[in-house]
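Quick notes on the structure that follows.
Residue numbers (the working numbering), protein chains in the order written: chain A, 113 to 225; chain B, 71 to 183.
In structure tokens form, the structure reads like this:
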């Protein structure tokens with residue numbers, strides 16, 4: 113079992129919908145959590161990161177971490193066709209500087225206009 | 071500013087052939103990584119480097135070798151390609167900050183027949 117699990121979808125929603133993307137993780141030592149966005153035939157790009165528990169908001173995007181249940185969420189409000197992409201959750205596998213990230217499998221989102 | 075550049079972008083190999091993927095970054099990052107991305111498997115770490123002249127194994131290192139002779143370059147080699155190595159390969163680099171942001175190239179699509 114991977115240390116970061118993510119439902120691959122695909123997920124299809126109409127424009128303007130609220131989208132919820134979710135991951136679970138198994139390693140209690142994980143402290144940082146990231147969401148990467150990957151457009152088709154492109155490399156992933158960092159969308160948001162959070163530390164420990166709580167919420168972090170950036171425009172239409174909100175990242176949420178619940179360490180008690182080992183649950184990571186990304187909410188997208190007023191979704192747009194330009195949000196159509198694969199979203200990957202990730203966490204550093206260690207605490208050392210430059211430690212590699214462990215990624216979930218990614219959830220593919222399609223927003224129709 | 072080019073960021074992370076991967077060459078070649080596409081390649082078709084026959085089983086048993088060898089090849090090298092080149093990754094170059096111009097951000098003076100200390101840390102570099104090679105991932106492969108397969109449908110249903112997500113991003114998996116092959117090898118990584120924490121500095122010039124260093125390399126280390128990731129989750130799926132078998133069948134690959136790497137070298138980091140210069141800080142800005144990270145090479146991934148396949149000595150005897152197998153169909154199981156058909157994948158999209160992503161190189162990434164990081165400055166090692168606590169946010170853990172990885173900067174990815176656009177990927178190299180490899181098909182082994």
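Even glycine gets a Cβ: it sits at the ideal position worked out from N, Cα and C.
Close beta carbons around residue i, own chain, < 7 angstroms, minus the five adjacent residues each side
i, result
"residue 166 of chain B", "100 and 101"
"residue 212 of chain A", "205"
Residue i at chain B interface by Cβ criterion, 8 angstroms
i, result
"residue 186 of chain A", "no"
"residue 215 of chain A", "yes"
"residue 199 of chain A", "no"
"residue 210 of chain A", "yes"
"residue 218 of chain A", "yes"
"residue 183 of chain A", "no"
"residue 144 of chain A", "yes"
is_contact[residue i, chain A] using C-beta, thresh 8 angstroms
i, result
"residue 144 of chain B", "no"
"residue 97 of chain B", "no"
"residue 166 of chain B", "yes"
"residue 123 of chain B", "no"
"residue 92 of chain B", "no"
"residue 101 of chain B", "yes"
"residue 120 of chain B", "yes"
"residue 80 of chain B", "no"
Contact belief for residue i with residue j at Cβ below 8 angstroms, rounded distance in angstroms
i, j, result
"residue 122 of chain B", "residue 141 of chain B", "4 angstroms"
"residue 178 of chain A", "residue 164 of chain A", "Wrong, their Cβ atoms sit about 10 angstroms apart, outside the cutoff."
"residue 72 of chain B", "residue 96 of chain B", "5 angstroms"
"residue 210 of chain A", "residue 175 of chain B", "Between residue 175 of chain B and residue 210 of chain A the Cβ distance is about 17 angstroms, and since that is not below 8 angstroms, they are no contact."
"residue 131 of chain A", "residue 215 of chain A", "That pair is no contact at about 19 angstroms."
"residue 133 of chain A", "residue 219 of chain A", "5 angstroms"
"residue 128 of chain A", "residue 190 of chain A", "6 angstroms"
"residue 178 of chain B", "residue 107 of chain B", "In fact, because the Cβ distance is near 11 angstroms, the residues do not count as touching under 8 angstroms."
6 angstroms Cβ shell around residue i - same chain, five flanking residues per side excluded
i, result
"residue 145 of chain A", "162, 177, 184 and 203"
"residue 137 of chain B", "145"
"residue 115 of chain B", "105, 128 and 129"
"residue 120 of chain B", "101"
"residue 135 of chain B", "147"
Beta-carbon proximity list for residue i, same chain, < 8 angstroms, skipping 5 on both sides
i, result
"residue 207 of chain A", "141 and 143"
"residue 150 of chain A", "156, 157, 197, 198, 199, 200 and 218"
Proximity test, residue i beta-carbon vs the ligand SAH heavy atom, cut-off 7 angstroms
i, result
"residue 94 of chain B", "Within the structure as shown, the ligand SAH is missing, as the structure has no ligands at all."
Any residues in the region 150 to 168 of chain A with a beta carbon nearer than 9 angstroms to a beta carbon of chain B? Which ones, in chain order?
150, 153, 154, 155, 156, 157, 158, 161 and 163
The region 163 to 176 of chain A contacting the region 121 to 128 of chain A, beta-carbon criterion three pairs below 8 angstroms
no
According to a CB-to-CB cut-off of less than 8 angstroms, which residues of the region 116 to 130 of chain A neighbour chain B?
118 and 120
Within 8 angstroms, do at least three Cβ pairs link the region 141 to 156 of chain B to the region 84 to 93 of chain B?
yes
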